[in-house]
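Contents: one structure, followed by commentary.
2 protein chains.
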Amino acid sequence: MKLLEERIRREGTVIGDDVLKVDMFLNHQLDVGLIDEMGKAFYEAFQTDGVTKILTVEASGIALAALTARYFGVPVVFAKKAGHRNVGTDLYTATCHSFTHGTDSTICVSRRYLHEDDVILIIDDFLADGNACNALRKLISDAGAKLAGIGIGIEKGFQPGGAKLRAEGIKVRSLAIVESMKNGNIVFRSDDAER
Amino acid sequence: MKLLEERIRREGTVIGDDVLKVDMFLNHQLDVGLIDEMGKAFYEAFQTDGVTKILTVEASGIALAALTARYFGVPVVFAKKAGHRNVGTDLYTATCHSFTHGTDSTICVSRRYLHEDDVILIIDDFLADGNACNALRKLISDAGAKLAGIGIGIEKGFQPGGAKLRAEGIKVRSLAIVESMKNGNIVFRSDDAER
Chain A
1 MKLLEERIRR EGTVIGDDVL KVDMFLNHQL DVGLIDEMGK AFYEAFQTDG
51 VTKILTVEAS GIALAALTAR YFGVPVVFAK KAGHRNVGTD LYTATCHSFT
101 HGTDSTICVS RRYLHEDDVI LIIDDFLADG NACNALRKLI SDAGAKLAGI
151 GIGIEKGFQP GGAKLRAEGI KVRSLAIVES MKNGNIVFRS DDAER
Chain B
196 MKLLEERIRR EGTVIGDDVL KVDMFLNHQL DVGLIDEMGK AFYEAFQTDG
246 VTKILTVEAS GIALAALTAR YFGVPVVFAK KAGHRNVGTD LYTATCHSFT
296 HGTDSTICVS RRYLHEDDVI LIIDDFLADG NACNALRKLI SDAGAKLAGI
346 GIGIEKGFQP GGAKLRAEGI KVRSLAIVES MKNGNIVFRS DDAER
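These protein sequences, in sequence, are chains A and B.
For what it's worth, the numbering used here labels the leading residue of the first sequence as 1, then goes sequentially.
For what it's worth, the numbering used here labels the leading residue of the second sequence as 196, then goes sequentially.
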């Protein structure tokens, strides 16, 4: 998605060789016009996949998920980070390792909001090693629901998450794939490449 | 807002005399159509107030803030709960007491995203004692920005937050005000009453 790539190039900050900060438009300050366009792109990619619900994880996936859900006309469920919220005890849970923070956390969803007949689109702002996606997939699997696919804002193509998910036959659509960002120079995977 | 009041009456769960759970449509599962209507109502209430930015706090305010911001065509900034995020060190911070969880937490916003010339609309899902709003007001005040007003999904009218804010002359618009919920019976403040 050219609009997103241009924005990353213009305003993204590379720290070291593998951290990309985009908190001026995607996950602290939110450019809602851009995020709405991203939601529309996800709708175009997954509109024929029978999506009944969108699943994300708090906090930075929520805006993208909500603006995507408007196009689909389906609800969002956001997984909560366990331990600090009154979400009840009747939960699906999964462990998620954070690449950025180097910590493990537990995420959870109330059993009331994921059902066997749901066809679920996972939406998240970033994909790196795939840990958040795999934790969300476990929640979906525990509920007996079906995964429609995964929509990602920015994929770090130099980390293995996206390749592993695609190798499993999962439909993954990343709106921008960063191939490398050595020395602060951001290179995107070409639009011609297989996504 | 009748649509919201009806939804609370139909699906809200009262716990004790003062906890109202609406996690089936507002803060765990999200009814994006309803939340979009709420955003439109905030736009109608604040469209002439010169709003340049919407400020909320993670996680449950984000969807409402993002869908509201679409109508205004302005960015959202969401305050983060400190300690677990790489938001940098150049921060505005405030302490916030949680009524629901009985704990104090620190919220923060990068100084890059609140400016002296900003006119800020605070959006949040709930207003009870006003602690989250007051913490967000401190961030705005520290930045030297101006407060346009406060838009709230559900106000607990039997707790003092809303009355205190209005007594200070702040424009507060709550889309549903719960007057009482004794014995699980939810009574809304009448539409005729002063809001």
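Where is the CB? At the ideal position from N, CA and C, for every residue including glycine.
Continuous beta strand (DSSP E) stretch holding residue i: start and end
i, result
"Thr288/B", "286-292"
Residue i to residue j span [Cα, whole Å]
i, j, result
"Leu121/A", "Leu127/A", "15 Å"
"Leu286/B", "Tyr266/B", "28 Å"
"Lys248/B", "Pro355/B", "26 Å"
"Lys80/A", "Ser60/A", "12 Å"
"His169/A", "Lys146/A", "For clarity, residue 169/A is Gly in the given sequence; the question names His instead. Approximately 14 Å between the Cα atoms of the pair."
"Ser110/A", "Ser98/A", "22 Å"
"Leu4/A", "Glu44/A", "16 Å"
"Gly348/B", "Glu232/B", "11 Å"
"Ser180/A", "Thr301/B", "35 Å"
"Thr89/A", "Lys216/B", "14 Å"
"Gly357/B", "Asp320/B", "13 Å"
"Gly207/B", "Thr251/B", "23 Å"
"Asp324/B", "Ala362/B", "14 Å"
"Leu34/A", "Lys377/B", "44 Å"
"Asn185/A", "Thr68/A", "30 Å"
"Glu253/B", "Thr48/A", "32 Å"
"Val51/A", "Ala148/A", "6 Å"
"Asp212/B", "Val373/B", "12 Å"
"Gly73/A", "Leu259/B", "16 Å"
"Glu155/A", "Ser174/A", "6 Å"
"Met196/B", "Arg205/B", "14 Å"
"Lys359/B", "Lys333/B", "15 Å"
"Ile15/A", "Phe46/A", "33 Å"
"Ile203/B", "Thr95/A", "32 Å"
"Gly39/A", "Val382/B", "37 Å"
"Ala143/A", "Gly339/B", "48 Å"
"Phe78/A", "Ala236/B", "24 Å"
"Cys108/A", "Cys303/B", "25 Å"
Extent of the continuous alpha helix (DSSP H) run through residue i
i, result
"Leu64/A", "62-72"
"Asp36/A", "32-46"
Residue nearest to residue i in terms of C-alpha spacing, selected from the options
i, options, result
"Leu136/A", "Ala82/A, Ala59/A, Lys156/A, Thr93/A", "Thr93/A"
"His310/B", "Gly297/B, His292/B, Ser336/B, Ala327/B", "Ser336/B"
"Ile62/A", "Ala176/A, Ile123/A, Ile150/A", "Ile123/A"
"Ala277/B", "Lys2/A, Asp18/A, Asp118/A, His28/A", "His28/A"
"Gly151/A", "Ala176/A, Gly184/A, Thr103/A", "Ala176/A"
"Phe353/B", "Arg384/B, Phe237/B, Asn329/B", "Arg384/B"
"Cys328/B", "Val367/B, Tyr308/B, Gly339/B", "Val367/B"
"Arg307/B", "Gly16/A, Asp23/A, Met1/A, Val14/A", "Asp23/A"
"Asp313/B", "Gly297/B, Pro270/B, Asn326/B, Lys351/B", "Pro270/B"
"Glu201/B", "Phe220/B, Leu334/B, Asn326/B, Phe273/B", "Phe220/B"
"Asp31/A", "Val373/B, Gly344/B, Ala261/B", "Ala261/B"
"Asn326/B", "Asp299/B, Val382/B, Ala343/B, Ala338/B", "Asp299/B"
"Val19/A", "Phe78/A, Gly102/A, Cys96/A, Lys2/A", "Gly102/A"
Any non-hydrogen atom of the ligand ZN closer than 7 Å to residue i Cβ
i, result
"Val271/B", "Ligands displayed in this structure: none; no statement on the ligand ZN is therefore possible."
DSSP bridge partner residues for residue i (one or two, in chain order)
i, result
"Val22/A", "Answer by DSSP bridge pairing: none, since Val22/A is not bridged."
"Ile315/B", "Lys248/B, Leu342/B"
"Ala323/B", "Ala323/B pairs with nothing; no bridge assigned."
"Thr208/B", "Lys216/B"
"Ser305/B", "Leu286/B"
"Ser385/B", "Answer is none; Ser385/B lacks a bridge partner."
"Ala59/A", "According to DSSP, which records beta bridges pairwise, Ala59/A is partnered with nothing at all."
"Ala82/A", "Looking at the DSSP assignment, Ala82/A forms no beta bridge with any residue, so it has no partner."
Going along the chain, which unbroken runs of the beta strand (DSSP E) with 3 or more residues stay wholly within the segment 327-372 of chain B? 341-351
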